Every structure is written in C-alpha cells, then in structure tokens.
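Chains as they are written, first to last, in full-length UniProt numbering: chain A, 1 to 348; chain B, 1 to 806.
Structure follows, in structure tokens:
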C-alpha cells in the first residue's frame with residue numbers, strides 16, 4: 001500500500017478496505033457513543049439541513065441529469081461527506097474530531113471528470129450551516145442565495161483539475177421524506193438512517209470542460225442522509241436509482257446487497273405525495289457486467305417497467321474509496337432521466 | 001529425462017554420497033557467493049527504489065512553500081482563506097523541542113489536505129490513528145533514536161509511537177498539536193503548495209499578499225552522490241563473488257577429476273558422450289539452483305541486517321531518504337540466481353571440456369587437478385604479465401569503466417602472481433634452512449602450496465578487498481570530517497528569506513558577535529557548466545581554515561585584491577586547469593590562484609574577493625551569512641535568532657550539530673563495512689578449508705613415509721597446521737600492498753572519474769593489523785579440522801598407502 005493510500009485511510013479512519021468486515025466504506029462498523037436514528041424524531045427544517053455532529057456519518061448529495069445546448073446528455077455530481085471520528089463535542093480548531101470529504105464529477109457521453117477534497121472540521125475550511133443554507137469545502141459550495149428559503153434555491157460550484165461547473169437550481173416541489181417520516185430502514189436488522197430529499201430541482205448552468213464550455217439545463221436531486229450505522233455488517237454495498245420521469249413523477253429505488261438483498265424506495269407524485277416502497281414492490285434486475293451497466297427496474301403494482309442504461313459506462317469515481325456514479329437514460333413504460341450509484345463492486 | 005539418463009545421473013551423484021563434505025563445500029561456495037552478491041544487490045535495489053519514490057515524494061524539500069514576509073505572520077486563517085480561494089495548499093509547523101540535553105525537530109503536518117500533495121512525512125501514520133493524532137494530547141511519530149532522546153521530556157502527555165522512514169531527528173505530529181507544543185497560537189510556519197493547481201485561481205498576491213512563495217532549495221542530486229556508495233558496495237560484492245567462485249571452482253574441478261573413472265565406465269557401457277556431458281551439466285545446474293536459492297535467502301538475511309545502517313548512512317550523508325525496511329524485489333532474486341548459475345557454469349566449464357576430450361580408454365589415473373595447477377605457474381606469470389600490461393592501457397582509456405577495468409586487471413594479476421611469489425619465496429627458503437625436518441617442511445609446503453593456490457588466492461583477494469575498501473571508507477571519513485572542520489568554521493550559518501530581513505539580522509547580530517561574514521553567490525556558467533561564484537571577505541576564518549589543496553603563495557591576498565580566483569577541485573580537474581590559468585568570469589577573466597576541496601557538491605564553483613563580487617554581481621541576492629561567535633554561546637544565539645526573526649528551524653545551522661550528525665552517520669557506515677568484512681573473510685575461510693580437505697586425502701602418500709620415518713601423527717598434525725598458518729601469513733603480507741593499491745585506485749581513480757574529487761589516502765595500521773589477525777584466525781579455523789583428522793588417523797590407514805597400488 002502506498003503512502004498516499006495510507007493517508008487517505010488515516011483521514012477516513014472509518015473506511016477500511018473493500019471486502020473487509022464492516023460493509024461498504026465501514027458503514028457497518030460499531031457506533032459506540034454516537035447518536036442513533038430515531039423513528040419518533042420529527043425532522044425540523046431548516047435546522048435539519050445543517051450538520052448533525054453527534055451522528056457518525058452524514059452527506060449532502062446532489063446529482064443533476066443535464067442536457068447540453070448541443071443536444072447531448074451530461075451529468076454533474078456534488079457531494080459533501082461528514083465523518084465524525086468521535087462523538088465527543090469537545091475541542092476547538094484543529095482538535096475538532098470531524099473530517100470532511102467531497103466529491104465532484106462531470107460526466108459526458110465520452111468522458112468522466114472527477115475531483116476529491118478533504119478537510120478537517122473546526123477551522124472553517126469545510127462546513128454546513130442551515131440558516132441560510134450553505135455547504136462548502138475549499139472553493140466548492142452549494143448554497144442558498146441571499147434571501148433564499150431553506151433549500152428552495154441553490155447555487156452549486158465545484159472545480160477540479162480539468163473541469164468546473166456552476167449551476168443554479170430551483171425547486172418546483174416540496175421536500176420528500178423517505179421511509180417513515182424520514183426514518184429510512186436500510187437492512188433486515190433494522191439499521192436505519194434519517195433520509196430526505198429535494199427531487200424537484202430545475203437546473204441550468206454551465207459546465208467547463210477541456211473541450212470548451214457547455215450551457216446545460218435539466219433536473220437535479222438532492223439527498224440528505226445521516227446515521228451512525230446504516231449498514232449491516234454483512235452488507236457489502238448498494239445500488240441506488242433516482243429517476244426524473246417524463247410524466248412528472250420521481251422514483252427512488254435502492255437495493256442494499258448482503259446475505260439477503262434489502263430493497264426500499266419512494267415513488268413520488270408531481271405534488272410531492274410519496275408512496276413508500278419495499279422489497280415486495282420493487283424488482284431490480286441487473287444486466288451484464290460488474291458493475292452492471294444496464295438494469296431493469298419494475299414496480300409491478302404500478303405497472304412500471306423501466307429499462308435503465310448508463311450514459312457513459314466509464315463513470316467510475318476514481319476517489320480514495322472508488323465507486324460508480326453517473327447519469328442514466330430511462331426507457332420503457334415511461335421515459336426519463338436519472339442517476340445511478342453502485343458501491344461495493346470490485347472496480348479495477 | 002530418459003531412464004538411462006536417470007541411471008547416469010544416479011551413478012554420477014553417488015560420488016557426492018561418498019564425499020558429502022565435498023558436496024557441502026560446493027554448495028557452501030555457491031551459496032555464500034550468491035548470498036553476498038544478492039545481499040548487496042538487495043541493499044542497492046532497495047535504496048534505488050527508495051530514491052525513485054523520493055523523487056516522487058513531495059516532502060518539504062521538493063514543494064514550493066508559502067512563508068510569511070518579514071514582519072508578517074501566517075496563521076490558520078490564512079490557510080483556510082487560501083483553500084477557500086481554491087488553492088491546493090497544506091499547512092506546516094516547524095520548530096524545535098527541548099528533549100533532555102538536546103533538541104529534536106518538530107514537524108506539524110495536516111494529513112487531510114496533505115493527501116492531495118502526495119506522500120508526506122506523515123505517510124507512515126496508520127489507519128485508525130487519526131483521532132488520537134489530531135486530538136490533544138496527541139499522537140506523534142518518530143524513529144527509535146528520537147524516541148530515546150525524548151525520554152523524560154515534557155510533551156504535555158503526547159504519545160510517541162515508533163515509525164520507520166521519517167526524516168531523521170524529527171518528531172511528526174498534527175499541525176494543531178505542534179501549535180500547542182510550541183505555544184504558537186494560531187501561527188503556522190509555512191504552507192506547502194501542490195505543483196498542479198486548478199485552472200482559473202485568483203493570483204496568490206491577491207489572496208495572500210503577505211506571503212512569499214519560495215521554490216525548494218537547491219539540493220545536490222542524491223543520485224549522483226549516493227552512486228559512490230553503491231558503486232563501492234557493488235565492487236565489494238563482485239569481489240566476494242569472485243572469491244566464492246574460487247571455492248566453487250576448486251570443488252567442481254576436484255569432483256570432475258575424481259569421477260573420471262565413473263565417466264570412463266559409463267562410456268564403456270555405451271552411454272554417448274553427449275549424454276554424459278548433458279547429465280553432468282544438468283547436475284551442476286541443479287546444485288547451482290539449490291545453492292543459489294539458499295544463497296538468496298541468506299543474502300536476504302544479510303541485507304535485512306544491513307539495511308537500517310545503510311538507510312541511516314544515505315539519509316544522513318546525502319539527504320536521500322531510504323526506508324530501513326526491505327522489500328522482496330525480483331531484480332535481485334533473478335540477478336542472484338543468474339550469478340549462481342553463471343558462476344557454477346564458469347567453474348564447471350573446464351571440467352566438462354576435459355571430460356569431453358578424455359580418451360575413452362585412457363587409464364583413470366589420479367591426476368589431481370589441484371596438483372596440476374602447480375605446473376601452471378609459468379602460464380600464470382604470463383597471464384599476470386599480460387594483465388599488468390593491460391592496466392596502464394585501461395587507465396589511459398580513462399572513464400569510470402576504464403578505472404574499473406584497471407582495478408580488475410590489477411587484482412587478477414596480483415592474484416595470479418601470488419602462487420609464483422610464494423613458490424619463489426619457498427625456493428629461496430629451501431636453500432637456507434638446515435636440518436632434515438625443516439627441509440622436508442619447506443619442500444612439502446612448496447609442493448602443497450600449488451594445490452592450495454586457488455584458496456590462497458581467494459584469501460588474498462578477500463583480504464585485499466577488505467584493506468582496500470576499509471582504507472577507502474576510513475580515508476573518506478577522516479577527510480570528510482576534516483573538511484567539515486575546515487569548511488564549517490563559523491559557529492552559525494543564517495539564511496534570511498529577504499534582503500531586508502538579512503539586513504535586520506545583520507544589524508541585530510553585529511553588536512553581539514565577533515564577525516558576520518556574508519556568503520553571497522551568483523549562478524554563473526564556469527567553463528561551460530552551470531556553476532556558482534561566491535564572494536568572500538578577507539578574514540582569518542578563510543585564510544586559516546579554508547580547505548586549500550594547492551595554491552600560489554599569497555593566494556588569499558590576490559583574492560582579497562580582486563586579482564585572483566580560487567576554484568573547487570571539481571572544476572579544476574574537469575576543466576584540466578593549472579594554477580595561473582585564466583578563468584572566464586562575467587566582467588573579465590581572472591587567473592586561478594588556488595584549488596580547494598568541495599566534497600558533496602557536483603557542480604563547479606569559484607571564489608572571488610567580496611569587493612569584486614559586489615562590483616560584478618550587484619543583483620545577487622544578499623541573504624546568507626556566517627557568524628563567528630564564542631562557541632559556547634552559539635546554541636543560545638541560534639535559538640534567539642529563530643525567536644527574534646521567526647525563522648524556520650532550517651534557516652539557522654549550528655555547526656557543532658552538523659558535525660555530530662556527520663560523525664554518527666560515519667560510525668553507521670563503518671558497521672556496514674565491518675559486516676561485509678566478516679562475510680568475505682568467511683567465504684575465504686571456507687575456500688581454504690575446501691582446499692585443505694581436498695589435499696588431505698591426496699597427501700597421505702606423502703605423509704605416510706614421514707610418519708614411517710618416526711614423526712608422530714600428532715607432530716605431523718601440528719606441522720600441518722603451522723604450514724597452513726605460515727601460508728596464510730605470507731598471503732596476508734602479500735595482500736597488504738595489493739589492498740593498498742586497491743584503495744589507491746578507488747580513491748584516486750574511481751572517485752575522480754565518478755565524482756570529480758580525489759581523496760587523500762590515509763593508511764590505518766590498526767585496520768591492517770586487525771585484518772592480519774583475522775586472516776590467521778581464518779586459517780586456523782580452516783586448518784583445524786584437517787589437522788585434527790590427521791592427528792586421529794589410524795595407523796592402518798597410513799600403512800595402507802604402502803600396500804595400495806596407486
């Protein structure tokens with residue numbers, strides 16, 4: 001193992017290597033001293049847009065399915081992870097036991113550009129505030145403009161070695177709570193997280209790529225999730241789908257792979273009404289390949305049968321913990337666009 | 001393999017069953033030779049791999065740094081502001097911690113942002129340690145030596161864990177912990193800057209106008225310097241391997257001779273010659289592979305034992321960072337096996353050739369190959385003569401390869417001449433000794449020396465190599481330390497960051513010290529090579545101490561007047577200058593009035609008077625100075641300087657400390673050399689033992705009559721041992737001039753060719769005496785077993801000599 005990899009593991013002290021005990025990215029580790037998700041807890045906004053430092057891990061995860069002025073499909077990702085090394089809230093400055101990691105990516109049909117950042121908590125290099133909402137690390141940020149209300153409007157910026165983007169997002173629908181009022185069960189053992197989304201963003205903006213700048217428009221989906229032990233130890237990774245269907249509905253479906261695959265999801269009407277889905281409602285079938293680049297997603301009860309195809313199969317996140325994340329095209333009983341995330345597969 | 005071939009192999013192999021000792025010797029020879037070769041190769045391969053990583057390693061030495069301008073401070077907030085502006089930087093805190101008597105360097109790093117800048121000093125931090133690393137009282141990493149120094153020091157509860165591969169004399173902690181330990185508040189020492197930044201960033205002057213961006217300091221290319229060390233190790237390994245080959249050669253040659261009868265029988269039974277030869281070659285290859293593999297394992301052990309010493313030497317001496325740990329690298333495993341096979345093949349070629357030429361029906365006489373060697377004296381003289389003639393040609397050819405070729409010619413010629421010289425000496429002695437026993441002793445010694453000649457040559461080469469390399473290392477050590485003494489005369493060396501800061505430092509120091517000597521320089525091409533010109537003031541510091549090798553009378557006066565230039569040895573030798581030659585400099589040529597030694601610097605350099613320097617190079621940065629002060633006050637003043645001007649630890653160099661570190665490093669180098677000494681002598685001892693055991697069986701016909709004439713077995717055994725010792729002593733005596741010649745070649749030829757400087761040779765009588773004793777001890781150890789066997793031989797065995805038909 002080279003020194004770089006060592007350092008990364010040090011930084012993410014909680015993220016052991018693939019295939020080891022503890023599930024994907026160590027999310028199956030023990031949670032001593034950390035707060036646990038509580039089904040009785042009501043999410044309160046804008047407070048819960050901010051960080052929950054007494055939970056072990058948390059993320060602000062935005063994916064945008066875009067179409068360029070040139071008629072081509074694009075994708076953009078902006079993700080900020082918070083990881084607490086300790087539940088203690090003592091310490092200031094450098095000694096605050098919080099570590100931040102961020103991933104940004106732009107996907108085109110031919111290329112996939114990735115950047116990764118790390119920061120320590122306590123010094124202001126990275127952080128999240130809820131009023132007004134702002135999440136940032138270095139010069140990357142996702143924030144509400146002056147006078148913005150909660151997450152309704154956001155500007156999103158990130159920059160890597162060979163790409164940059166600036167997007168404006170405006171929500172056309174309400175926040176969506178997954179599971180039981182935002183308490184989302186992730187495994188047969190009852191592991192859970194607090195999980196809500198804003199899936200109704202209309203996005204416009206500009207991607208700067210090596211071949212030039214592209215004006216883009218499209219949809220975006222923001223996931224907010226925090227927990228201390230979302231995965232069972234036997235669970236090795238997950239496949240997560242988020243679709244913007246052309247009939248105005250949104251669909252989130254996910255499968256946590258383990259001894260028993262565990263499925264959950266939300267089918268969201270244009271007005272924000274949610275139908276909570278479980279293993280009886282969802283059928284996921286992977287196509288060829290590892291990870292699979294095509295899927296069928298079926299909700300027999302809804303008469304939905306969707307074929308899912310990656311816009312660019314080479315959408316590997318070459319980050320310290322690698323995974324696959326990229327835009328997809330949806331065809332079948334209804335068409336649409338969306339994002340696919342696949343973790344815990346052996347990636348070369 | 002056909003059934004017949006298997007039978008042939010079994011028949012040939014039965015020889016080893018009857019002579020297990022001979023087999024053991026053969027295997028030991030190949031194994032030891034391979035072990036030494038692959039051990040040294042492993043050390044070299046590991047060190048080279050470490051350099052490759054070091055070149056890629058973005059340590060403090062290779063990254064640009066942002067430091068506060070004089071009067072400004074750099075804080076955590078500046079770091080955050082730069083990051084928020086998109087700049088990929090990572091903070092550093094550098095300082096020094098009191099630890100008992102001395103101090104250690106404290107390095108504070110920030111692991112999260114350091115990741116993007118590549119491997120760093122904290123790279124040795126293991127996963128799961130981050131919480132302890134960043135939260136007070138903290139977790140630090142240091143090597144075992146620093147941990148010893150830190151014992152009992154008040155570190156505010158900091159846990160220090162041992163870690164290899166960190167910078168020497170450094171304790172690595174988190175940046176926040178470092179700020180606490182040094183009471184820095186929010187202050188940082190520097191920010192390291194990633195070489196590649198995202199496009200479109202706001203310029204640094206705008207984001208952080210109070211910070212200065214500095215390129216890493218010029219460092220001598222460690223590759224060039226460490227090359228010397230590796231070259232010497234490789235030469236040593238090659239010599240050891242040759243010594244090992246001598247053993248193999250004698251064992252293999254003997255085995256071929258003794259198996260003539262078997263071969264004859266096999267061929268008479270109808271086995272084709274080609275098949276016999278093929279099986280013999282296969283047998284040799286199998287033995288070589290087995291012994292070679294064992295040798296590689298042994299070499300691994302040797303290398304693992306040597307590695308920490310080598311790592312310390314290289315990092316301290318040349319600043320090259322080498323990990324003390326050893327990795328299995330296919331390069332040296334393959335090279336070891338290759339050498340074992342090639343060596344065995346070389347040793348067996350003669351035997352195979354003879355077997356091929358052997359007439360089928362010739363009687364299987366015992367024509368021991370060893371005795372036959374004695375008849376080759378004349379040929380050896382011719383060979384030695386030819387090699388001796390080639391030596392000056394190689395020297396004239398020049399270059400590093402020429403130097404090594406000359407070295408090889410000289411050593412081989414000396415080795416070939418050894419039996420000739422011994423024979424001549426014994427012949428001379430034979431005419432002078434009185435008494436029957438003494439005459440028999442000399443005559444018998446002369447007869448035996450032929451058979452032992454290969455072993456003695458091996459012993460001679462081992463001794464010569466030890467004397468040569470030992471003398472070279474010793475010369476290097478005393479010269480280098482002496483040069484440090486001369487060169488680092490001033491008690492403190494202070495490097496300022498800016499000219500105003502340098503002026504402020506000089507003004508502050510002036511009333512407190514004896515003298516402040518500017519060390520200002522300009523980059524200038526010297527005889528077509530990028531070089532550097534320094535200005536010096538006229539001061540006893542230079543006049544009395546500067547390491548002048550050669551100079552015209554009054555050279556310093558000429559330099560002070562601006563009418564002469566001093567050049568370093570590298571420039572002098574490479575450009576083929578003589579005193580009085582003129583050297584082109586910007587603003588006009590000056591005559592060369594002297595040469596000084598300048599070890600460790602690969603580039604040409606020249607020194608002119610300060611006034612002339614000021615006139616010719618008005619643009620040169622005036623940043624560095626030497627400070628003369630009472631040595632007892634130096635350490636305190638250095639500390640005060642760092643505090644007063646907020647200088648990084650590396651900006652003020654304390655001369656005493658530099659010397660202490662250098663000395664410690666040389667002691668470690670010595671331990672590496674000493675280990676190699678023991679190993680090569682061990683190989684030579686085994687060569688001697690093989691030779692003696694071989695001869696023991698053949699010599700019974702010569703000893704039996706002496707025993708019959710009335711000498712007791714015990715007395716005979718004592719005489720045998722005395723003979724071995726006498727031969728070893730003579731060999732050791734002979735090895736002294738050869739070894740000194742080798743040292744001279746290494747110091748005056750190889751070093752000059754490789755690095756441009758020549759080291760004065762310093763002969764160490766103690767080293768020679770110690771090796772002489774070692775040679776005798778080796779001979780005693782090798783001779784003990786055969787002598788003991790002789791003392792215990794049964795009379796019937798001796799009697800059988802008279803009965804047996806030979």
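Glycine included, C-beta positions come from ideal geometry on N, C-alpha and C.
Treat the numbers as computed from the prediction; the structure is a model and nothing was measured.
Which residue wins for smallest C-alpha separation from residue i, given the options the options?
i                      : options                       : result
residue 698 of chain B : B:156, B:254, B:161 and B:743 : B:254
residue 640 of chain B : B:563, B:772 and B:492        : B:492
residue 189 of chain A : A:222, A:200 and A:235        : A:235
residue 313 of chain A : A:297, A:299, A:292 and A:169 : A:292
residue 343 of chain A : A:256, A:187, A:128 and A:121 : A:256
residue 765 of chain B : B:777, B:751 and B:733        : B:733
residue 22 of chain B  : B:752, B:737 and B:692        : B:692
residue 262 of chain A : A:278, A:325 and A:251        : A:278
residue 162 of chain A : B:523, B:200 and B:171        : B:200
Three-state secondary structure (DSSP) at residue i?
i                      : result
residue 330 of chain B : helix
residue 818 of chain B : The structure shown does not extend to residue 818 of chain B, since chain B is modelled only from 1 to 806, so the question has no answer here.
residue 423 of chain B : helix
residue 3 of chain A   : With a pLDDT of only 32 at residue 3 of chain A, under the threshold of 50, the placement of this residue in the model should not be trusted; the figure read from the coordinates follows. Here residue 3 of chain A sits in helix by DSSP.
residue 130 of chain A : strand
residue 175 of chain A : coil
residue 40 of chain A  : coil
residue 334 of chain A : coil
residue 392 of chain B : helix
residue 78 of chain B  : helix
residue 761 of chain B : coil
residue 546 of chain B : coil
residue 60 of chain B  : Note that residue 60 of chain B scores 41 on pLDDT, short of 50, meaning its location in the model is unreliable and no value can be drawn from it.
residue 802 of chain B : helix
residue 617 of chain B : coil
How should residue i be labelled, buried or exposed, when 16 other C-beta atoms within 10 angstroms of its C-beta is the threshold for buried?
i                      : result
residue 89 of chain A  : exposed
residue 654 of chain B : buried
residue 138 of chain A : buried
residue 186 of chain A : buried
residue 247 of chain A : exposed
residue 356 of chain B : exposed
residue 802 of chain B : exposed
residue 327 of chain A : buried
residue 336 of chain A : buried
residue 382 of chain B : exposed
Once you ignore the five residues that flank residue i on each side, which residues in its own chain have a CB closer than 7 Å to its CB?
i                      : result
residue 249 of chain A : 267, 268, 269 and 270
residue 622 of chain B : 499, 502, 518 and 520
residue 259 of chain B : 12 and 15
residue 423 of chain B : 377, 446 and 449
Among the residues of its own chain, which have a CB less than 8 Å from the CB of residue i, if the five just before and after it don't count?
i                      : result
residue 122 of chain A : 91, 92, 93, 94, 95, 96 and 98
residue 849 of chain B : Outside the displayed range of chain B (1 to 806) lies residue 849 of chain B, so it cannot be described from this structure.
Spatial neighbours of residue i within its chain, please: C-beta separation below 6 Å, excluding the five flanking residues on both sides.
i                      : result
residue 182 of chain B : 95
residue 306 of chain A : 297, 330 and 332
residue 206 of chain A : 166, 213 and 215
Legend entry - the stretch 410-429 of chain B / the stretch 621-638 of chain B touching (three or more Cβ pairs under 8 Å): Too few Cβ pairs lie closer than 8 Å, so no.
Inset, instruction - Could you tell me whether the stretch 714-730 of chain B touches the stretch 784-799 of chain B, using the rule of 3 or more Cβ pairs below 8 Å? - result: yes
Inset, instruction - May I ask you to verify whether the stretch 475-482 of chain B touches the stretch 678-690 of chain B, counting CB pairs closer than 8 Å and requiring at least 3? - result: no
Legend entry - Given 8 Å, three or more beta-carbon pairs between the stretch 397-416 of chain B and the stretch 741-751 of chain B: yes
Legend entry - Three CB pairs or more closer than 8 Å across the stretch 166-180 of chain A and the stretch 189-202 of chain A: yes
Inset, instruction - Could you tell me whether the stretch 41-54 of chain A touches the stretch 212-221 of chain A, where touching means 3 or more Cβ pairs closer than 8 Å? - result: Two segments are said to touch when three or more pairs of C-beta atoms, one from each, lie closer than 8 Å; by this definition the stretch 41-54 of chain A does not touch the stretch 212-221 of chain A.
Legend entry - Contact between the stretch 384-399 of chain B and the stretch 433-445 of chain B (3+ Cβ pairs under 8 Å): no
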